[in-house]
Amino acid sequence: MKNWLKHYQWHIISWLIFIIYEYLLVAQVLDINEPLLVYCIHYVINISLFYIHSDFTLNKSLAGHKPDYFKLMALIITEICAFTFISYLADQVIPRSNTPINLISMVIDWKFVFGALWRGIYFILFATAYYFVKRYIHQKQLTAALEKEAIKKELEEKQIAIELSDAKNSYLKAQINPHFLFNTLTYIYNSTHKSEPRAAEAVRYLSKLMRYALECEHGPNIMNLEAEILQVENLLQLTRIKQPDLYINFHYDNGIEQTKIIPLVLLTLTENMVKHGNLSMPDDPGKIDLNLNDGLFTIKTANLINTGLNDTGFHTGLNNIKQRLLHNYGNSAEITYGIKNEYFQVLIKIELHSAIANGADQPPLHSSVTD
């Protein structure tokens, strides 16, 4: 009811104003007094004719692709005749509400009939104006909505064109920048490998690591572990050039190199160890262990805590690994890390569905001890 009143509130207000205006005109100016019930019944009939003509007759005749004017004229004549008869009947019956109705004995008041005809035509013209105003507003709203949609679509197309242009530029930059970088690194290596062999070796290892990182960024989602194991060795060799007293024991199962996982996990863990751990103790080196057992792939790392180091951003790489594992493996992978007995330890488990059948015996252990 509340929604109905809200939707038709201006209709109700307009009819009240119109009824008050006519009542004052008839009762006060023309000095015609009729019972209130007579006014109410006639206005119900008048308002009913108004909405029947605007919402039914005109819609049925003009709303289609081809207006049917013959149907329109037939319906208008029917409306006027029905309105005149009902108005006359109401006018004759209401004053005699206590007496039986006798249609045969009724005397036709032609003055009232002609007045009712004019009244019917008056409300039909009023309803026709309302219908065309309403249709004009609807068409205007529809046109505005279509224009808004067209503008929105045009803006979206322009935005897509801009994004496509940016993507093309980024792609060209991605091709140019690494090419320039590797050419520069090659030049530095060729210029220094005789006079500064240690610096040249650092450039060579750095070039390999950067090339691998770029290949991982634009390459497949999963890669053989063999390539990453090689890059871990390169990272350790590069670090050892700057920091000779670097001690890490790197162990992995023989044959594990063909295991496919997402790239940059092992390399990121090693980088975290080198950057944040204490790896300068030959009797207590850092440890990296890779293992594959019945489809369960594990990475374990442990290193002494470097208490004198500012570890701002220490967990950034680990959080990144966690998010990538969740994205690629869901509940089939997990990472845990924390401090235990002065060691920072990390454990990653990945349940690989394409497990390697190892048989009853475990594969021999391959060791690469970096000292």
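Our numbering applies: residue 57 is where the sequence shown begins, and numbers increase by one.
Ideal Cβ placement from N, Cα and C applies to all residues, glycine included.
Bear in mind that the values here come from a model prediction, so they are computed numbers and not experimental data.
Roughly how many whole angstroms lie between the Cα atoms of residue i and residue j?
| i | j | result |
| --- | --- | --- |
| Ile317 | Cys272 | 12 Å |
| Tyr303 | Asn362 | 14 Å |
| Trp166 | Leu173 | 10 Å |
| Ser221 | Lys209 | 18 Å |
| Leu145 | Leu131 | 21 Å |
| Arg175 | Asp124 | 25 Å |
| Leu408 | Leu381 | 12 Å |
| Leu286 | Ile207 | 55 Å |
| Ala389 | Ser247 | 46 Å |
| Glu219 | Glu327 | 35 Å |
| Phe170 | Phe74 | 22 Å |
| Ile180 | Ser117 | 14 Å |
| Pro323 | Lys214 | The sequence shown places Leu at residue 323, rather than the Pro named in the question. Their backbone Cα atoms lie some 42 Å apart in a straight line. |
| Phe106 | Ser143 | 14 Å |
| Lys127 | Asn115 | 11 Å |
| Lys62 | His121 | 32 Å |
| Asn334 | Asp301 | 10 Å |
| Val259 | Tyr399 | 32 Å |
| Lys264 | Asn349 | 31 Å |
| Ile108 | Tyr99 | 14 Å |
| Thr392 | Ile312 | 22 Å |
| Ile76 | Thr113 | 28 Å |
| Pro276 | Arg254 | 34 Å |
| Trp372 | Leu262 | Here residue 372 turns out to be Thr, not Trp, going by the sequence shown. If I take the Cα positions, the gap works out to 22 Å. |
| Thr357 | Leu403 | 7 Å |
| Ala269 | Leu320 | 8 Å |
| Lys405 | Glu212 | 44 Å |
Residue i: buried (16+ other C-beta within 10 angstroms of its C-beta) or exposed?
| i | result |
| --- | --- |
| Asp309 | buried |
| Ile377 | buried |
| Ile344 | buried |
| Val189 | exposed |
| Glu135 | buried |
| Phe306 | buried |
| Asn359 | buried |
| His383 | exposed |
| Pro341 | buried |
| Phe139 | buried |
| Gly386 | exposed |
| Met129 | exposed |
| Leu346 | buried |
| His332 | buried |
| Ala217 | exposed |
| Arg296 | buried |
| Phe353 | buried |
| Ser110 | buried |
| Asn102 | buried |
| Ala183 | buried |
With residue i as the anchor, note down where its alpha helix (DSSP H) starts and where it stops.
| i | result |
| --- | --- |
| Ala283 | Leu281 to Lys298 |
| Leu325 | Val321 to His332 |
| Ile73 | Gln65 to Leu80 |
So residue i is in the beta strand (DSSP E); what residue range does that whole segment cover?
| i | result |
| --- | --- |
| Leu403 | Tyr399 to Glu407 |
Helix, strand or coil, according to DSSP, for residue i in the structure here?
| i | result |
| --- | --- |
| Ala389 | strand |
| Tyr308 | strand |
| Asn246 | helix |
| Gly394 | strand |
| Lys62 | helix |
| Ile278 | coil |
| Ile101 | helix |
| Ile318 | coil |
| Leu302 | coil |
| Asp165 | coil |
| Ser263 | helix |
| Ser336 | coil |
| Ser221 | helix |
| Glu252 | coil |
| Leu241 | helix |
| Leu93 | helix |
Can you confirm whether residue i, when its beta carbon is compared against all beta carbons of chain B, has any partner nearer than 8 Å?
| i | result |
| --- | --- |
| Gly333 | Looking at the structure shown, chain B is missing, and only one protein chain is on hand. |
Quick one: is the Cβ of residue i within less than 7 Å of any heavy atom of the ligand NAD?
| i | result |
| --- | --- |
| Ala146 | This structure does not include the ligand NAD; it has no bound ligands of any sort. |
Give the list of continuous beta strand (DSSP E) stretches no shorter than 3 residues that lie fully inside the stretch 338-378. Whole beta strand (DSSP E) segments, 3+ residues: 342-349 and 352-361.
4 or more residues per run - each alpha helix (DSSP H) lying fully within the stretch 108-156: You should have 114-118 and 125-149.
Beta strand (DSSP E) runs wholly inside the stretch 171-212, at least 3 long, in chain order: none
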